[in-house]
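Numbering (my numbering), first residue to last: 8 to 87.
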């Protein structure tokens, strides 16, 4: 379970954080501008994506509360 979580974090970092920097660098290189500068600019703006991705993923405590709530509702449903 933890390995899957770590893998998903790596995928999110690669897609949301590194990909925009790579794309900005490639576009700048094709236009004859400084690929390093534009890549760093893309890297800076992509931090917003990383922050939003971190905010979107629920914490472990939230997941545990949701699971407890689900089990309580299922137990109440079975009692009826």
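All C-beta atoms, glycine included, are put in the ideal place defined by N, C-alpha and C.
Measure how close the beta-carbons of residue 53 and residue 28 come, nearest whole angstrom, since I'm counting them as under 8 Å.
Position 46 of the chain shown, counted from the first residue, corresponds to residue 53. Position 21 of the chain shown, counted from the first residue, corresponds to residue 28. Cβ atoms of residue 53 and residue 28 come within 8 Å of each other, at about 6 Å.
Query - Three or more C-beta pairs below 8 Å linking the segment 14–31 and the segment 54–69 - result: By the C-beta criterion, the segment 14–31 is judged to be in contact with the segment 54–69, since at least 3 inter-stretch pairs fall below 8 Å.
**Report entry** residue 39 in three-state terms, based on DSSP
**Finding:** On the chain shown, position 32 is the one that residue 39 refers to. Of the three classes helix, strand and coil, the one that applies to residue 39 here is coil, per DSSP.
For residue 83 and residue 15, I'd like the C-alpha separation in whole angstroms.
As a working mapping, residue 83 is identified with position 76 in the chain shown. As a working mapping, residue 15 is identified with position 8 in the chain shown. Their backbone Cα atoms lie some 34 Å apart in a straight line.
**Item:** N- and C-terminal bounds of the alpha helix (DSSP H) containing residue 76
**Value:** Sequence index remark: in the chain shown, residue 76 carries index 69 (1-based). Residues 67–86.
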